[in-house]
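Numbering (my numbering), first residue to last: 974 to 1356. Glycine included, C-beta positions come from ideal geometry on N, C-alpha and C.
Here it is as structure tokens:
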């Protein structure tokens, strides 16, 4: 059993600009800091930050963003090129910082990505890693509590600080292992890729492609779904409400199928809230009517494969799995099924084997040659 034990945990509560400035001044001389956030997103489109947890060496701090007026020191820390920002499964935290400070932490080290590179599974949770490494079970009781209330309870503070106490130690252990395996650059590349993806905001007019069930619609129905999804995205951003508070995905797909042309017909669609019917019903009908009148059609999103293509996909999955086994990493880390399907469909459409964008250099180096040879052989198999 690992002897690292964080109890008792001493931490400093930071709720003044002067305290924050002094803390950041110290952080800027460090090689790394561990960071986490607590936020609330129950009734809003955008996350509302409630707390920032920070580890500097073996010191721990809870920063109150509701009390801080001058945020420039935090921006200086998050952007400092010589201070690595250590986080875990940080996609949502990145969004929180983008909203709060207009920027994301960089350089970034995500311990979940590192765990995958070190063979601990694709999406190892923080709690899972702590149990595996330290045989300690973290409490979950405060996970969904109100992080905007003041004062925070002692239970909330104790829960929050644990997120960086173990994170700091996990990072140091991972760093040693990654250097021994010569895989630190793998994590760095994947973290840079994560930041790049977070910066690529999906335009409102492309949101329809992300809606569950869109692949079941015809081109004409997709035209309606696109119009509805574009409108929904603009509205929820402006109103700052979750997408589902306006129209759920399954409702959007049903609207595209049924194409109601009257309020009674619209009211028959299940799970439309009466408030939405009253306030937005006519506009929804108008959007559908315009899309129908346009008479356009979009390319379908159907990614179903023929029997032959399914066999080819299975060969691709087998190759990736074999490569992953040699490296002791999860196959999905090397290349997701979704990317493989995209890669295969593009090849079947163009006859040219190509890896999709988004694969980091280390992954390309491991799989490109053999995967391209395999895909090129598909044409021979079909001849």
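- Query: Among the residues of its own chain, which have a CB less than 8 Å from the CB of residue 1283, if the five just before and after it don't count?
  - Reply: none
- Count the other C-beta atoms from every protein chain shown that fall within 10 angstroms of the C-beta of residue 1419, then say buried if there are 16 or more, exposed otherwise. Here the chain comprises residues numbered 974 to 1356, so residue 1419 is not present and cannot be evaluated.
- Task: Out of 1303, 1125, 1287, 1162, state which residue places its alpha-carbon closest to the alpha-carbon of residue 1334.
- Result: 1162
- Message: Only counting the same chain, and skipping five residues up and downstream in sequence, which positions put a Cβ closer than 6 Å to that of residue 1203?
- Response: 1177, 1178
- Message: Here's a check: name, in chain order, each residue in its chain whose Cβ is nearer than 6 Å to the Cβ of residue 1109, leaving out the five neighbours to either side.
- Response: 1103
- Assuming residue 1111 contacts residue 1135 (C-beta within less than 8 Å), just tell me the rounded distance between them. Contact between residue 1111 and residue 1135 holds, with the beta-carbon distance rounding to 6 Å and staying under 8 Å.
- Compute the Euclidean distance between the alpha carbons of residue 1065 and residue 1325, then round it to the nearest angstrom. 37 Å
- From residue 1027 to residue 1349, what distance separates their C-alpha atoms? 50 Å
- Message: Rounding to the nearest angstrom, what Cα-Cα distance links residue 1340 and residue 1352 in this structure?
- Response: 20 Å
- Candidates 1214, 1347, 1316: closest to residue 1015 by CA position: 1214
- Taking buried to mean at least 16 other C-beta atoms within 10 Å of its own C-beta, is residue 1225 buried or exposed? buried
- Message: Are the CB atoms of residue 1090 and residue 1159 within a distance shorter than 7 Å?
- Response: yes
- Residue burial classification, residue 1206 (beta-carbon count within 10 angstroms, cutoff 16): buried
- Query: In whole angstroms, what is the alpha-carbon distance linking residue 1342 and residue 1306?
  - Reply: Between the alpha carbons of residue 1342 and residue 1306 lies a gap of roughly 18 Å.
- Report the residue from 1181, 1011, 1105 whose alpha carbon sits nearest the alpha carbon of residue 1222. 1181
- For residue 1027, which residues does DSSP report across the bridge? 1008, 1034
- Expressed to the nearest angstrom, what Euclidean distance is found between the alpha-carbon atoms of residue 1330 and residue 1192? 26 Å
- Compute the Euclidean distance between the alpha carbons of residue 1038 and residue 1024, then round it to the nearest angstrom. Those two C-alpha atoms are separated by around 6 Å.
- Task: Report, in whole angstroms, the separation of the C-beta atoms of residue 1059 and residue 1004, which I expect to be a contact under 8 Å.
- Result: Wrong, their Cβ atoms sit about 10 Å apart, outside the cutoff.
- Query: Who are the near neighbours of residue 1069 in its chain, counting only those whose CB is closer than 6 Å to its CB and skipping five residues on each side?
  - Reply: 1010, 1012, 1020, 1022
- Task: Below 8 Å CB to CB, which residues in the same chain sit around residue 1314 once its five sequence neighbours on both sides are set aside?
- Result: Here the set comprises 1276, 1278, 1286.
- Message: How far does the beta strand (DSSP E) with residue 1060 in it extend, from its first residue to its last?
- Response: 1057-1060
- Query: Just checking, does the segment 1037-1055 make contact with the segment 1230-1248 on the three C-beta pairs under 8 Å criterion?
  - Reply: no
- Identified DSSP bridge partners for residue 1070: BP columns for residue 1070 are empty, so no partner.
- Whose C-beta lies closer than 8 Å to the C-beta of residue 1338 among residues of the same chain, with five residues either side of it excluded? Within the same chain, no Cβ atom closer than 8 Å to the Cβ of residue 1338 is found once the five residues on either side in sequence are excluded.
- Going by Cα to Cα distance, which pick from 1132, 1044, 1124 is closest to residue 982? If we check each option's Cα against that of residue 982, 1132 comes out closest.
- Helix, strand or coil: how does DSSP classify residue 1261 here? Helix at residue 1261.
- Within 7 Å, strictly: CB atoms of residue 1007 and residue 1141: yes
- Specify the secondary structure class of residue 1108 as computed by DSSP and reduced to three states. coil
- Would you decide whether residue 1169 is buried or exposed? Buried here means 16 or more other CB atoms lie within 10 Å of its CB. Counting Cβ neighbours within 10 Å, residue 1169 comes out exposed, since fewer than 16 surround it.
- Task: Taking only runs that begin and end inside the segment 1287-1333, name each unbroken alpha helix (DSSP H) of 4 or more residues, in chain order.
- Result: Listed in chain order, the alpha helix (DSSP H) elements of length 4 or more contained wholly in the segment 1287-1333 are 1304-1307, 1310-1323.
- Message: Am I right that residue 1303 and residue 1151 are in contact with their C-beta atoms under 8 Å? What's the rounded C-beta distance?
- Response: Actually they do not touch by this definition, with Cβ atoms about 16 Å apart.
- Inter-residue spacing [alpha-carbon to alpha-carbon] between residue 1033 and residue 1138: Whole-angstrom Cα-Cα distance: 7 Å.
- Message: Is it buried or exposed, residue 1293, if we count other Cβ atoms within 10 angstroms and call 16 or more buried?
- Response: Result: buried.
- Item | Cα-Cα separation, residue 1243 to residue 999 | 56 Å
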